[in-house]
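FYI, in mature numbering (1 follows the signal peptide of the UniProt record, and there is no 0) the residues of the sequence shown are -19 to -1, 1 to 247.
Here a beta-carbon is modelled for each residue, glycine too, at the ideal position from N, C-alpha and C.
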Amino acid sequence: MRRPVAVLLLALCATPAFAAIKSRPVEWKIGEEVFSGVLVYDDVNAIKRPGLVLVPNWMGVTDNAIERAGEIAGDDYVVLVADMYGKGVRPKNKDEAKAAVGKVYADGGVTLRKRATAALAALKAQDKTAPLDAARIGALGFCFGGSSVLELARTGVNLAGVASFHGGLKAHLPGNGVKINTPVLVLNGAADKSVPNEDIVAFEREMDEGGADWQLVNYSGARHCFAESENAGNPPEDNCRYDARAAKRSFAAMRAFFVERFGVRE
C-alpha cells in the first residue's frame, strides 16, 4: 500500500523547480539627484550570470519596458531597466517624453553619457543581492535607449557589447580620439526616416576610426520602433511602426550577439 506514495515522492523529487521572474526597484544617485530603475531576473538558482543595462525608449521606465526586460532576462541575465530622467519623472504621453529627452540632450550629450554610466554602475552594484557576475556586463536599448547605449560605448568603456534597436546613430559629442572598446551591434530599420543614409555612412566611418568591432543590420521595409509591439496600431503613414518580421529577426540577432559575447546558451 505504501508503494504508490513512494512513487509519488520520487516523481515530485524528479520535478524541476520552477522559478519566477523577480523585479524590484533599485535607486542610485548622481550628486543629489535620485534615479529609480527596476532590476529583473529569474531566481531559478543562485548561479552568477551576466548583466544587461536596458535603456527603454523615450517613455522611460514603464510596465512594457519591465515586461520586455523579463523576456530578455530569462534565466540567462540580470537586467536593469535604467532610469534616464530621474525618480518620479515618468512621461504620460509623447509630448512629455519629448520634453524629458530634450532635457537629457540639453548639454549636447554630456548628461546622457553621465546618466548611462551611472546606471551601469548601479547594475554592477547589485552583485551582492542578485545572481549577477559584475565582470560580465553589456547594454541594450530601444529608440532613445538605443542612442543612449551607443553614447555609452562612445565613452570608451569596456563592456561585453551593446545592442541598439532602432536608435539614432549621430554622435552628439566629438570623439577626440577615444577608442571604442565595446563591440557594437546596430539593428536598424532600412525605411526609418529618422536615420538617413548620411547618418549611417558617418556612423560607419566613426566606428572604423574608433577601432570598433561593429555590426550594422538593416531590415528591409522596417521603420522606427519596429521591435516594439505596442506600436502595432500606429497609422500606416507613421514612421513609428511595429514590424513583426524585423522584430523577430532583430531579437534573434541580439540574442546571438550576446551569446557570442558572454558564452551563455542560446
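> For the segment 47 to 94, which segments carrying the alpha helix (DSSP H) assignment without a break, of at least 4 residues, lie completely within its bounds, in sequence order?
Replying inline: 75 to 85
>> Going by the DSSP bridge assignment, what does Q196 pair with across the sheet?
In response: Taking the first residue of the sequence shown as 1, we reach residue 196 at position 215. For Q196, which the question treats as bridged, DSSP gives the partners L166.
>> Residues in the same chain with beta-carbon distance under 7 Å from K95, minus the five sequence neighbours each way, listed in chain order, please.
In response: As a working note, residue 95 is residue 114 in the sequence shown. Result list for K95: I11, in chain order.
> Where does A(-14) sit, in a helix, a strand or coil, going by DSSP?
Replying inline: Residue numbering aside, residue -14 sits at position 6 when the sequence shown is read from its first letter. For A(-14), the predicted model reports a pLDDT of 43, less than 50, meaning its position is unreliable; a value from the coordinates is still stated below. Note: A(-14) maps to helix in three-state DSSP.
>> Which same chain residues end up closer than 6 Å to A46 when comparing Cβ atoms and leaving out the 5 residues on each side of it in sequence?
In response: Position 65 of the sequence shown, counted from the start, is the residue given in the question as residue 46. Within the same chain, P37 and V62 come within 6 Å of A46 by CB-CB distance, once the 5 residues on both sides are set aside.
> Taking Cβ positions, are L174 and G137 nearer each other than 8 Å?
Replying inline: Within the sequence shown, the letter at position 193 stands for residue 174. Within the sequence shown, the letter at position 156 stands for residue 137. Checking the displayed sequence, the identity of residue 174 turns out to be Lys instead of Leu. No. Outside cutoff.
>> Measuring straight from C-alpha to C-alpha, what distance separates W195 and V167?
In response: Mapped onto the sequence shown, residue 195 falls at position 214. Mapped onto the sequence shown, residue 167 falls at position 186. Each residue's Cα considered, the two are about 8 Å apart.
> Is it true that the CB of M65 sits closer than 8 Å to the CB of G83?
Replying inline: Sequence index remark: in the sequence shown, residue 83 carries index 102 (1-based). Sequence index remark: in the sequence shown, residue 65 carries index 84 (1-based). G83 is not a Cβ neighbour of M65, given a cutoff of 8 Å.
> Where do the N-terminal and C-terminal ends of the alpha helix (DSSP H) with G127 fall, by residue?
Replying inline: Position 146 of the sequence shown, counted from the first residue, corresponds to residue 127. Looking at the DSSP string, the run of the alpha helix (DSSP H) that includes G127 is F125 to R135.
>> Using 8 Å for Cβ pairs, my map puts L93 next to E132. What's the rounded Cβ distance?
In response: Mapped onto the sequence shown, residue 93 falls at position 112. Mapped onto the sequence shown, residue 132 falls at position 151. About 5 Å; that satisfies the 8 Å criterion.
>> Taking the alpha-carbon of E8 as reference, which of I2, L35, L104 and P177 has the nearest alpha-carbon?
In response: Residue 8 sits at position 27 when you count from the first residue of the sequence shown. Considering only alpha carbons, the answer is L104.
> Whose C-alpha, out of E218, F239, G149 and A116, is nearest the C-alpha of P164?
Replying inline: Within the sequence shown, residue 164 is the residue found at index 183, counting from 1. Ranking E218, F239, G149 and A116 by Cα distance to P164 puts F239 first.
> How long is the line joining the alpha carbons of D76 and I28, rounded to whole angstroms?
Replying inline: Here residue 76 refers to the residue found at position 95 when the sequence shown is read from its first residue. Here residue 28 refers to the residue found at position 47 when the sequence shown is read from its first residue. Approximately 43 Å between the Cα atoms of the pair.
>> Can you list, in chain order, the residues of its chain with a C-beta nearer than 6 Å to that of L113? Leave out the 5 residues immediately preceding and following it.
In response: Here residue 113 refers to the residue found at position 132 when the sequence shown is read from its first residue. G32, V59 and Q107.
> In three-state terms, what does DSSP make of F207?
Replying inline: Reading the sequence shown from its first residue, position 226 is the one you call residue 207. The answer is coil: DSSP assigns F207 none of H, G, I, E or B.
> Could you give the distance in angstroms between the alpha-carbon of M235 and the alpha-carbon of A87?
Replying inline: The residue you call residue 235 lines up with position 254 of the sequence shown. The residue you call residue 87 lines up with position 106 of the sequence shown. Taking the straight line joining both Cα atoms gives about 30 Å.
> By Cβ distance below 7 Å, which residues in the same chain neighbour A172 in space, the five residues on each side in sequence not counted?
Replying inline: Numbered from 1 along the sequence shown, position 191 holds the residue referred to as residue 172. Taken in chain order, the residues that qualify are G202, A203 and R204.
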